[in-house]
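S.K.: Would you mind keeping the following structure in view while I ask a few things?
Structure representation (structure tokens):
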């Protein structure tokens, strides 16, 4: 099921499907169909009434907070490690984290934080300012340890710790965004003993400061977290969380109906409607913080200017990219593909953050206009040929659209895009592949167009930062950076520095809007929609979820840990017992086959995040 957080694109990734017989076929209703004459002999799986089970198909790169860029582990890290400053449940504004309070000095160039007294790591060791200093300085001095959040410390000059409860961040210039947010603080006494912190997976028996700590991880099967009794806000109301992998989104829905999981997120409109009215299940459509878009390859290069990737030369022309945007009817896509469950996007900052969102009436925004698109291409020297396809210098205007073969949303959008592009004189060749391959290609810039998306945090600084030239990868295989779309515009970078230093919020807002308008005109993406977050949970087993934002918000994929912090079992609720939806034993012709239904997983490839792609 596609979900959000902050980093890059969401895709379906085929990983580790262990099927010893090709005779199994997938069906939307049940997730799989047995061959004729097969017998199921599945193990009984009884759920604990105090363990909250979450359906997932998310990809895990690692649980290393310095490195991880994918949605599922990034979300998990929010539960494992507290930041100095947390995003509030009410509206995402800064609130207490490890720091009980902070003081802004020298016009925003010095931030002084005071930690709560008596905090402990999950192993009982005290949490002190030394842990904060260690975390920040690792990111500041080891580039690889800044993979996930390096841009957030790019303005740090030095870190001081006058005592065990005081942290002083000295900045190179005044900074408007609170520098204590969004950086998970790790325990120095654990991490300083790790020989290779860059390669450390951190995937078992983790020591953390958040409400839950990672206990175990089985790739494409499950992830188990246990409640942290030392969490400074108090221990959670459930004993643990368990993420359970399913082969596809329909299998997740069936698991929820059967009571084999307690929540499913990232539902599509059809699935959402099918769950309405199901006994014991409550559905919820919340304000999302994710944007979706069509990524256009502008020509990738490393931070040192070394080009890489296989993007079409035509797409290096901004006018060609603008024409593509003019030829996409986003309103139809929202209506027909998303069933209206969202709003049209203007940029990569969602409308759920109205202060920073590029207003719908901004003069830079253009409507769907295929005639204007034709004129734009004509002006760029692309002349219509006898077959209606445009040519320039003897080359046809032919582009590749990378599509996930297992993602019906992408397949549906592609069906609209092909004739729309043909109408303006572009041949769009759809290349469907497994998401594993697709993800690797997107990282390496080996595409012309593809579908992407990120989940965005309450303050826009991070998302703006990964659109700067400094966000470009350091290596020509696409690694070593957190770029959103391979975007690099020195004028954008200048504005980024200006907004970061602008303490006056109204003035900063103007700068952010100017940046979004610039990115819109440069058109390295066509932002399509901000989809609602469609969720469903077993209300007969669990209750008392905290939403973010408080008014019309979401449970899962928050910019924080509130969703599962306060959840508690319903009085008298019992665990379900039935066939495990993850694994099963099949007897076919006297041969026992073990099938691991973890073969297809959706990923927020913040193709670095999303930032979903947090």
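In this note's numbering, the protein residues as written are 814 to 1427. Even for Gly, the Cβ is constructed at its ideal location relative to N, Cα and C.
Tell me the start and end of each unbroken beta strand (DSSP E) in the region 1190-1216 that is at least 3 residues and wholly inside, in chain order.
M.R.: Segments of the beta strand (DSSP E) lying fully in the region 1190-1216: 1203-1205.
S.K.: Classify residue 1077 as helix, strand or coil using the three-state DSSP reduction.
M.R.: Counting from one through the chain shown, the residue named residue 1077 turns up at place 264. If DSSP states are grouped into helix, strand and coil, residue 1077 belongs with the strands.
S.K.: Is the beta carbon of residue 1300 less than 7 Å from the beta carbon of residue 1280?
M.R.: Taking the chain shown and counting its residues from 1, one reaches residue 1300 at position 487. Taking the chain shown and counting its residues from 1, one reaches residue 1280 at position 467. Result yes, Cβ atoms of residue 1300 and residue 1280 sit closer than 7 Å.
S.K.: Return the Cβ separation of residue 1358 and residue 1383 in integer angstroms, given the expectation that the two are a contact with Cβ distance under 8 Å.
M.R.: Mapped onto the chain shown, residue 1358 falls at position 545. Mapped onto the chain shown, residue 1383 falls at position 570. Wrong, their Cβ atoms sit about 12 Å apart, outside the cutoff.
S.K.: Would you report the Cα separation of residue 1390 and residue 1361, rounded to the nearest angstrom?
M.R.: Residue mapping note: residue 1390 aligns to position 577 of the chain shown, counting from 1. Residue mapping note: residue 1361 aligns to position 548 of the chain shown, counting from 1. Reliability of the predicted coordinates at residue 1390 is poor, the pLDDT of 39 falling under 50, and the value obtained from them is presented with this limitation in mind. Looking at the two C-alpha atoms, the distance is approximately 32 Å.
S.K.: Give every residue of the same chain whose Cβ lies closer than 7 Å to the Cβ of residue 1091, excluding the five residues on either side of it in the sequence, and list them in chain order.
M.R.: As a position in the chain shown, residue 1091 is number 278, starting the count at 1. Closer than 7 Å at the Cβ level, and outside the excluded window around residue 1091, lie 1070.
S.K.: Give the secondary structure of residue 1030 by DSSP, where H, G and I count as helix, E and B as strand, and everything else as coil.
M.R.: Here residue 1030 refers to the residue found at position 217 of the chain shown. Three-state DSSP puts residue 1030 in a strand.
S.K.: What does a CB cutoff of less than 8 Å around residue 1147 pick up in its chain, not counting 5 residues either side in sequence?
M.R.: Stepping through the chain shown from its first residue, residue 1147 is reached at position 334. Once the five neighbours on either side are set aside, the close Cβ partners of residue 1147 are 1153, 1155, 1156, 1157, 1341 and 1342.
S.K.: Does the count of Cβ pairs from the region 882-901 and the region 975-995 closer than 8 Å reach three?
M.R.: A contact exists between the region 882-901 and the region 975-995.
S.K.: Among 1211, 1137 and 992, which has the Cα closest to the Cα of residue 918?
M.R.: Residue mapping note: residue 918 aligns to position 105 of the chain shown, counting from 1. When each option's Cα is compared against that of residue 918, the closest is 992.
S.K.: Which residue comes first and which comes last in the beta strand (DSSP E) that contains residue 918?
M.R.: The residue you call residue 918 lines up with position 105 of the chain shown. Counting along the chain, the beta strand (DSSP E) containing residue 918 begins and ends at 912-918.
S.K.: Just the C-alpha distance for residue 1122 and residue 1287, rounded to the nearest angstrom, thanks.
M.R.: Along the chain shown, read from residue 1 onward, the residue named residue 1122 stands at position 309. Along the chain shown, read from residue 1 onward, the residue named residue 1287 stands at position 474. Whole-angstrom Cα-Cα distance: 14 Å.
S.K.: Go to residue 1310, then tell me how far its alpha helix (DSSP H) extends in each direction, as first and last residue.
M.R.: Walking along the chain shown from the start, residue 1310 turns up at place 497. 1303-1314 is the extent of the alpha helix (DSSP H) around residue 1310.
S.K.: Counting only runs that start and end within the region 947-1021, where is the beta strand (DSSP E) found for 3 or more residues in a row?
M.R.: For the region 947-1021, whole beta strand (DSSP E) runs of length 3 or above, ordered along the chain, are 969-976 and 979-984.
S.K.: Could you tell me the boundaries of the alpha helix (DSSP H) in which residue 1257 lies?
M.R.: Within the chain shown, residue 1257 is the residue found at index 444, counting from 1. It is not in any alpha helix (DSSP H) - residue 1257 carries neither H nor E in the DSSP assignment.
S.K.: On the criterion of 16 or more Cβ atoms from any shown chain inside 10 Å, does residue 1215 qualify as buried, or is it exposed?
M.R.: Start at 1 with the first residue of the chain shown, and residue 1215 comes out as number 402. Classification for residue 1215: buried.
S.K.: With three or more C-beta pairs closer than 8 Å as the rule, is the region 998-1006 touching the region 928-945?
M.R.: Yes, since at least three Cβ pairs between the region 928-945 and the region 998-1006 fall closer than 8 Å, the two stretches touch.
S.K.: When DSSP labels each residue in this structure, what does residue 1233 get in the three-state scheme?
M.R.: Along the chain shown, one-based indexing puts residue 1233 at 420. It is helical.
S.K.: According to the Cβ coordinates, are residue 1132 and residue 1186 closer than 7 Å?
M.R.: Taking the first residue of the chain shown as 1, we reach residue 1132 at position 319. Taking the first residue of the chain shown as 1, we reach residue 1186 at position 373. Cβ distance not < 7 Å, so residue 1132 and residue 1186 don't count as in contact.
S.K.: Look up residue 1135 in the DSSP assignment and say whether it is helix, strand or coil.
M.R.: Here residue 1135 is taken as the residue at index 322 of the chain shown, counted from 1. Residue state, collapsed to three classes: helix.
S.K.: May I ask you to report which of helix, strand or coil DSSP gives residue 1391?
M.R.: Position 578 of the chain shown, counted from the first residue, corresponds to residue 1391. Only weak support exists for where residue 1391 lies, its pLDDT of 37 falling under 50; the coordinates are left without a value.
S.K.: DSSP puts residue 866 in a beta bridge; with which residues?
M.R.: As a working note, residue 866 is residue 53 in the chain shown. Note: residue 866 sits in a beta bridge opposite 1055.
S.K.: Would you be able to state if there are at least three C-beta pairs under 8 Å between the region 1164-1172 and the region 1319-1333?
M.R.: Enough Cβ pairs lie closer than 8 Å, so yes.
S.K.: Report the partner residues of residue 1105 according to the DSSP bridge assignment.
M.R.: Taking the chain shown and counting its residues from 1, one reaches residue 1105 at position 292. DSSP, once it has assigned bridges, lists 1266 and 1342 as partnering residue 1105.
S.K.: Mapping DSSP to helix, strand and coil, what is residue 933?
M.R.: By one-based count along the chain shown, residue 933 stands at place 120. Three-state DSSP puts residue 933 in a strand.
S.K.: Which residues in the same chain as residue 1469 place their Cβ atom closer than 6 Å to its Cβ, once the five residues preceding and following it in sequence are excluded?
M.R.: Nothing in the structure corresponds to residue 1469, since the chain is present only between 814 and 1427.
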